[in-house]
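A quick write-up on the structure given underneath.
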Amino acid sequence: MQKYMKSTSDRAYDILQTERINPLDAIFTPQSVAVIGASEKAGSVGRTLLWNLISHPFGGTVFPINPQRHSVLGIKAYSTIFDVPEQIDLAVIATPAATVPKIISDCVDAGIKGAIIISAGFKEAGVKGIALEQEILQQAHRGKIRIIGPNCLGLMSPRTGLNATFASTMARPGNVGFISQSGALCTAILDWSFKENVGFSAFVSIGSMLDIGWGDLIYYLGDDPHTKSIVIYMESIGDARSFLSAAREVALTKPIIVIKAGRTAAAAKAAASHTGALAGSDAVLDAAFRRCGVLRVNSISDLFDMAEVLAKQPRPQGSRLTILTNAGGPGVLATDTLIESGGELAPISEELITDLNQVLPPQWSHSNPIDILGDADPQRYTQALEIAAKNPHSDGLLVILTPQSMTDPTQTAQQLKPYSQISNKPILASWMGGADVAAGEQILNHQGIPTYPYPDTAARVFSYMWRYSYNLKGIYETPILPNLSCDSTADNCTIVENIIQTARQAKRTILTEFESKQILAAYGIPVVASCIADNAEKAVECAASFGYPVVLKLYSQTITHKTDVGGVQLNLQDAEAVKNAYWTIETSVREKAGAEHFLGVTVQPMVKTDGYELIVGSSLDPQFGPVLLFGAGGQLVEVFQDSAIALPPLNTTLARRMMEHTKIYKALQGVRGRNSIDMSALEQLLVVFSQLVVEQKWIKEIDINPLLAIPPTPANPGGLIALDARIVLHSPDVQESQLPKLAICPYPTQYVGDWKLKNGTPITIRPIRPEDEPLMVQFHQTLSEESVYFRYFHLMKLSHRITHERLTRICFIDYDREMALVAESQNLETGTQEIIAVGRLSKLHGNNAAEFAMLVSDRFQCQGLGTELLHRLLEIAKNEQICCIYADILADNSGMQRVCKKLGFKIAPTTDAIVLRAEITADFI
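Heads up: the sequence shown runs through residues 1221 to 2145, numbered per this note's numbering.
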């Protein structure tokens, strides 16, 4: 029996190009539009909307809705939506806010699939507006209508001619998809775009995102063949998980560039009042953008500069730029901007200098920037550029020209045309001089070499480019599977659960340091040994058991910052010092906090802190839920503020990226004669810590500060030890349903289970992991040509199937959007684990259906494995409330057809004679 099929979601190999209907098509490509609130009143929104729709033919019909008039702008008007003689695809609503819920109700009853609510006066207006929004949602949920807005400018689709906005002009057609939360900014961008000759595939004012949000539009534009890049003006992120899920998938194929308002506290407050949404932490948002491969810029010009350059030039592999200039000053300006924005000058080797000496005057700079002097002619430019381009230590090139008496800007540009595409290296140009260099700029731009009037702008664009490339590499890199010490069946996890439940039953929100360290130890995070003492004599006993010197710390169920109340005594050398320290802590706490806060002390060995003090922690963000923090720790952590933020869960690659964003990262690798700490061990600790945060949902805040990091020793091979820990729980009155959710769906352990093949071989069926890439390479090596043909509908070379870029997308999935189950077995000959089958369930963009695919290794066919995998995928679909599941199967693949029929699928022919469609609805799952 052959259990192979083609998945239409695998777009790169979808040879049939199965046509999909997206619910947003009713909004972007309607055949009929009703303007509810159409008006004759000069200057009104209703009149402008109708005029824009009829002035720009889009291939459809427009119906004005106005109960007070027989016609509007010479077009027959209708009293209600029900009077329109044709089926309406899109309703554009421009009536007072209070009337909108009833209008949406009518649209649902009329079977309309899309609506744009232009009207304001909703969430941004306060409690009454929020209530109106809820009414609208209640009505919308009765049908399948999708809504853009409210409080928006509308939508343009310049390629089709649709202009459903009240803007004064129509955008030029192009390949940039633009989405904005600010309608006013849309009009400003529109004016700017004409001057800069920027065209759009879509131009969307999203408003306050009552229904359609960032994720919906990113998916839609990601699937749109006419959109080459997506640029966004954002004030609030809304559904964080939806945005991250969509952005991560689409960013792999199309650049997503965002300008986010609200970096400062004052701006965040203004943005919140504008959109009626929480702003959240700007640093957390930066971390979220990095996680999903989105590029964040700081100005509108940068927004479109990046859209242009990423469409024309390859992404740099690193941050090293070579600057070629005919004037020293502009080269220095470019260098300053490059360094300030995180880039660096490419080093120039002696060999390269020798080569440049052959073509340049003796007075050239002999360093980077390469100053080829003011009398440089076109030939000197091209000769120097050709040599510089071969530098293996350079990741990009910037050519600067200033018009001087011997300079020929036009001819120099002409000579640079052959260098417009240098393998894996972008080339940028700054032709300074305005009208004098305009012809040269035009030549370069036409050839695909982006030009900038000032060199500092070009340098900043390069820095953005390598940062974008760096973010994407974080998605592509294959992590190492960590050794997680705590799982759902381990005794250690029972200890954690008991500690947390005991505290909650006692209505405590703060765990003691001792309890906090017990939880860390349960996850395999090294902690310093501790002993609780409720009197001075007991403290002396504990100290004697450890050996001197020791540390005494306050033991309290209510105080977390012990140093604030004099609750720490260090380096105690004998019993007398321990007794005195005990009494000192007790007295200080009684005076500064109250006797009820003193329960005794914990005694710990004095650990030499001649390594690095780090902090690892987690807290809540109002939009993204739990977030992680890593950086320089100790008592002055707030002063130094050297930290990085990331979203859980982490893998080893993401943990390393998090560390790289701190200054202390370089020190940890060894500086000034110091040995490096075990960076791999620190990566593993961060991954385990993130797993703790993911699994222990009752924890609100957690800090390890300090986490001591020293070079490995025989006594401490990892070189890491938690010296202090603090855990805060959610309030006892918080219900489980109210707990904040993770912004990124964690590894779904609930779908891990054991099973046996028909021959009795035990296997594990589990969701795929990013770390599975090496096992997937081995899996593809076991497949026959027939297996490959049944799966992809054509033969595909092994070398193609196992490319890193392809397997990354297969292994590093978003569990919110798709699920891939692998069957894993132990190879009896080698004793190693191997993947023997894969089943995948992928949600379709824009609707509640999904498609599945399956592939079983030839050696393990006819063992019931395909049936079991598909059965488990159906159970997952049921849990996810998916309404319909299907797959296309080759007519020759009778084995897969039998499996589908056994599980309740209906098999039907398609328009292609060699392909059948297997489909099942939720009622039969």
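Note that the Cβ used here is the ideal one computed from N, Cα and C, for glycine as well.
Asked	Found
C-beta atoms of Val1907 and Ser1838 nearer than 8 Å	no
Residues bridged to Ala2073 [DSSP beta-bridge criterion]	Arg2060
Sheet register partners of Phe1203 (DSSP bridge)	Nothing can be reported for residue 1203, as the shown portion of the chain is limited to 1221 through 2145.
CB-CB length for Ile1368 against Gly1331, believed under 8 Å	That pair is no contact at about 18 Å.
CB-CB length for Ile1274 against Ile1295, believed under 8 Å	7 Å
For Lys2104, the residue or residues it bridges with in DSSP	The sequence as given places Cys at residue 2104; Lys does not occur at that position. Paired residues: Ala2069, Thr2141.
Short Cβ contact (8 Å threshold) for Ile1383 with His2065	A quick correction: the sequence has Asn, not Ile, at residue 1383. No, Cβ-Cβ distance for Asn1383 and His2065 is not below 8 Å.
Residues of its chain near Lys1637, where Cβ-Cβ distance is below 6 Å and the 5 sequence neighbours each way are ignored	Gln1667
Residues bridged to Ser1839 [DSSP beta-bridge criterion]	Val1847
Three or more C-beta pairs below 8 Å linking the stretch 1336-1348 and the stretch 1362-1382	yes
Simplified DSSP assignment, three categories, for Arg1510	helix
Nearest-angstrom beta carbon gap, Val1451 and Phe1509 [assumed within contact, 8 Å]	Incorrect: roughly 13 Å between the Cβ atoms, too far for contact.
Cross-strand partners of Leu2110 (DSSP beta bridge)	Val2135
Run of the beta strand (DSSP E) containing Pro1982, from where it starts to where it stops	1982-1987
Straight-line gap, Ala1566 to Asn1611 (C-alpha atoms, nearest Å)	9 Å
Rounded C-alpha distance that separates Ala1658 from Asp1628	12 Å
For Asp1754, the first and last residue of its enclosing beta strand (DSSP E)	Here Asp1754 belongs to no beta strand (DSSP E), and DSSP marks it neither H nor E.
Segment contact, 8 Å Cβ cut-off, at least three pairs: the stretch 2033-2045 with the stretch 2055-2064	yes
Which of helix, strand or coil DSSP assigns to Gly1654	helix
Short Cβ contact (8 Å threshold) for Phe1607 with Ile1543	As written in the sequence, residue 1607 is Ile, which differs from the Phe given in the question. It is not a contact, given that the beta carbons lie outside the stated cut-off.
Reduced DSSP category for Val1861 - H, G, I as helix; E, B as strand; rest coil	Here residue 1861 turns out to be Gln, not Val, going by the sequence shown. Coil, per DSSP.
Cβ contact check for the stretch 1741-1761 and the stretch 1802-1810: 3 or more pairs under 8 Å	yes
Local Cβ density within 10 Å of Leu1940, reported as buried at 16 or more and exposed below that	buried
Whole-angstrom distance between Thr1969 and Ser1708, CA atom to CA atom	Below a pLDDT of 50, predicted positions are generally treated as unreliable, and Ser1708, at 45, falls in that range; no measurement from the model is reported.
Range of the contiguous beta strand (DSSP E) that encloses Pro1926	1919-1929
From Arg2079, Leu1905, Lys1799, Lys1532, residue whose alpha carbon lies closest to that of Ile1835	Leu1905
Glu1239 in three-state terms, based on DSSP	Note on Glu1239: pLDDT 45, under 50, position unreliable in the model; the coordinate value appears next. Coil, per DSSP.
Simplified DSSP state of Ser2007, which is helix, strand or coil	helix
Alpha-carbon spacing of Ser1299 relative to Gln1288, whole angstroms	7 Å
Cα-Cα separation, Ile2102 to Cys2120	17 Å
Reduced DSSP secondary structure (H/G/I, E/B, other) of Gly2086	helix
Where Thr1933 falls, given that 16 or more other Cβ within 10 Å makes a residue buried	exposed
Length of the line joining the Cα atoms of Ala2133 and Ala2111	8 Å
Anticipated Cβ contact below 8 Å, Pro1250 with Gly1363, distance rounded	About 16 Å; that fails the 8 Å criterion.
Three or more C-beta pairs below 8 Å linking the stretch 1961-1979 and the stretch 1763-1780	no
Own chain residues within Cβ distance below 6 Å of Thr1557, not counting five before or after	Asp1676, Ala1679, Arg1680
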